[in-house]
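Asker: Be aware that the sequence shown starts at 27, since it is given in the numbering used here, and climbs by one per residue. Every residue gets a Cβ at the ideal spot worked out from N, C-alpha and C, and that includes glycine. Bear in mind the structure is a predicted one, so any value in this text is a computation, not a measurement. One structure follows; several queries about it will come next.
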Amino acid sequence: MFVGLDLAFNGVNYGMLLQAYATQVVFDALGVDTEIIDYKRTDKKGVRLTPYLTFFFFDKFKNRVISHRRCSPNKEQLSDFQKKNIMLRKEVANEFRLCRLHDVVECNGYEKLCQIGKKYDAVVVGSDQLWLPEASFGVFRTLRFVPDNVRKISYATSLGVSQYPFWCKSSAKQFLDRFDYISVREEQGKKIVTSLIEKEVEVVVDPTYLLTCDEWKKLIPQEKNQYGNYVLCYFLGSDKKARDIAIDYARKNGFRLVSILSNECFLKDDEKFGEVLIGKTPEEFVNLIRNASCVFTDSFHGMAFSIINKKDFFIFYRKRDGAASRGSRIDNALKNWGLDKRLILNGDEQELTNNNHIDYSEVDVRIAEKREMSLNYIRRSIGGQ
């Protein structure tokens, strides 16, 4: 079996890199030969032209302006400390890709992409937020480049929204109808897909959960704790209140405060937020979670690796310029594992003062069941059964 992997892996985000790595590791373990397709678009060929593209471009422009205003400072506004972090994160991400991912094939342009799609027995797209509404007009994440006789599979692909806008539904239905096997990461994603097409859709776990805690330790060995008893913070958003809650928790419990500096959103005083670490590798990210007494985060994968490593944690919705993004993937995971109380909303700080530890006995059972169900989906989809 020869499978092409259509993954998000070219960024610097820890979760993106680790879920791509986990995906390839799992397929390797199942005895499947894989290539990761590194597609570089050189023209606009392959974009599905419809009258609704006007709405797409308007929404994209509007959202980009809002996002830029909220959390994308100009380079001149960044401190030297923040600039150094961005530079180092790019370096360690490149090193991770070179050392951890194998058989990455560069594909420049649409014609080359169509040629490469013919050589596989199947192509798998996932996970991450690869089916955002605008993706429905593209050729890569939709697997439109894959011939009819090559199996098309999605694994834990996220749609990233609670509902699809009207302007993308026709294009979305067109590409989804071509898939042989569809799985998504959230229940809301399943509802959207099943409202468009009449096919079975499964909800599976994020690829990082497909590996057990011990399997992750074989891949990324545990390192010695350098910081003693500490609270680890990893915030991608700009919510100062969340940071203040973490500071207060660490002070009341006598913990050291250690923070991984974000490369996405910045607060002016982030450099003063405890012991701030920059340029950390994905491996160091995992180990910092493993060795922490408690984790505070607004990151889905910050939460995921806390759960995998059986750590106490508290999760927040990500905020940018005061606006909260209600993460359906966070809600879905917390509900699945019975950990709803670890979500901190406005006025929920009382939950922290109780300082109750997580009993992972039931959580582990739930994860094991979902992991096996998800692995069975992969076996079934590549086996064609």
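(1) Taking Asp-59 as part of the beta strand (DSSP E), name the residues at either end of that continuous run.
(2) Apart from the five residues just before and just after Tyr-40, which ones in its own chain have a Cβ nearer than 7 Å to its Cβ?
(3) Would the beta-carbon of Phe-407 fall within 8 Å of that of Leu-236?
(4) Once you ignore the five residues that flank Lys-383 on each side, which residues in its own chain have a CB closer than 6 Å to its CB?
(5) Is it true that the stretch 288-299 meets the stretch 359-371, where meeting means three or more beta-carbon pairs spaced less than 8 Å apart?
(6) Unbroken beta strand (DSSP E) runs of length 3 or more, entirely within the stretch 101-166: which are they?
(7) If you run the structure through DSSP and keep just helix, strand and coil, what is Ile-92?
(8) Taking the alpha carbon of Ile-142 as the point to measure from, which residue in Phe-171, Val-257 and Lys-306 has its own alpha carbon closest?
(9) Under DSSP, the alpha helix (DSSP H) around Ile-273 begins and ends at which residues?
(10) Under the assumption that Leu-303 contacts Leu-283 (Cβ atoms under 8 Å), give the Cβ distance between them as a whole number of angstroms.
(11) Tell me which same chain residues have a C-beta within less than 6 Å of the C-beta of Tyr-386, skipping the five on either side of it?
(12) If you reduce the DSSP assignment to three classes, tell me which class Tyr-253 lands in.
(13) I need the straight-line Cα distance from Glu-61 to Arg-405, nearest angstrom please.
(14) Can you tell which of Lys-145, Asn-111, Leu-114 and Glu-117 has its C-alpha closest to the C-alpha of Leu-31?
(15) Report the rounded CA-to-CA distance for Asp-64 versus Arg-123, giving the unit in angstroms.
(16) Would you mind sorting Glu-395 into buried or exposed? The rule is 16 or more other CB atoms within 10 Å of its CB.
(17) Taking the beta strand (DSSP E) that Leu-31 belongs to, which residues open and close that run?
(18) Give the secondary structure of Lys-294 by DSSP, where H, G and I count as helix, E and B as strand, and everything else as coil.
(19) With distance defined between alpha-carbon atoms, name the residue in Asp-147, Phe-53, Cys-140 and Asn-317 nearest to Tyr-253.
(20) For Val-91 and Gln-189, I'd like the C-alpha separation in whole angstroms.
Answerer: With the given structure in hand:
(1) Translated into the one-based positions of the sequence shown, residue 59 becomes position 33. Segment 59-66, the beta strand (DSSP E) holding Asp-59.
(2) Against the sequence shown, residue 40 aligns to sequence position 14. Closer than 7 Å at the Cβ level, and outside the excluded window around Tyr-40, lie Pro-308, Phe-311 and His-327.
(3) Counted from its first residue, the sequence shown places residue 407 at position 381. Counted from its first residue, the sequence shown places residue 236 at position 210. Residue identity differs from the one stated: residue 407 is Ser in this sequence, not Phe. Contact flag unset, no.
(4) For the purposes of this step, residue 383 is taken as residue 357 along the sequence shown, with counting starting at 1. Reading the sequence as shown, one finds His at residue 383 and not Lys. Asp-338.
(5) Verdict: no, contact absent.
(6) 130-134 and 148-151
(7) Indexing the sequence shown from 1 puts residue 92 at position 66. The pLDDT assigned to Ile-92 is 45, lower than 50, so where the model puts this residue is not dependable; a value taken from the coordinates is nonetheless given after this. Ile-92: helix per DSSP, three-state reduction.
(8) Residue numbering aside, residue 142 sits at position 116 when the sequence shown is read from its first letter. The residue with the shortest Cα to Cα distance from Ile-142 is Phe-171.
(9) Within the sequence shown, residue 273 is the residue found at index 247, counting from 1. Its alpha helix (DSSP H) spans residues 266-279.
(10) Stepping through the sequence shown from its first residue, residue 303 is reached at position 277. Stepping through the sequence shown from its first residue, residue 283 is reached at position 257. Wrong, their Cβ atoms sit about 11 Å apart, outside the cutoff.
(11) Here the question's residue 386 lines up with position 360 in the sequence shown. Excluding positions up to five away in sequence, the list reads Lys-336.
(12) Indexing the sequence shown from 1 puts residue 253 at position 227. If DSSP states are grouped into helix, strand and coil, Tyr-253 belongs with coil.
(13) Taking the first residue of the sequence shown as 1, we reach residue 61 at position 35. Taking the first residue of the sequence shown as 1, we reach residue 405 at position 379. Distance between the alpha carbons of Glu-61 and Arg-405 is about 18 Å.
(14) Here residue 31 is taken as the residue at index 5 of the sequence shown, counted from 1. The residue with the shortest Cα to Cα distance from Leu-31 is Lys-145.
(15) The residue you call residue 64 lines up with position 38 of the sequence shown. The residue you call residue 123 lines up with position 97 of the sequence shown. In a straight line, the C-alpha of Asp-64 is about 12 Å away from that of Arg-123.
(16) The residue given as residue 395 occupies position 369 in the sequence shown. Per the 10 Å Cβ criterion, exposed.
(17) Numbered from 1 along the sequence shown, position 5 holds the residue referred to as residue 31. It spans 28-32 - the beta strand (DSSP E) in which Leu-31 sits, taken as one unbroken run.
(18) Counted from its first residue, the sequence shown places residue 294 at position 268. Note: Lys-294 maps to coil in three-state DSSP.
(19) Residue 253 sits at position 227 when you count from the first residue of the sequence shown. The shortest C-alpha separation from Tyr-253 is found at Asn-317.
(20) As a working mapping, residue 91 is identified with position 65 in the sequence shown. As a working mapping, residue 189 is identified with position 163 in the sequence shown. Note that Val-91 scores a pLDDT of 43, beneath 50, so its modelled location is shaky; the value from the coordinates is reported in the next line. Distance between the alpha carbons of Val-91 and Gln-189: 22 Å.
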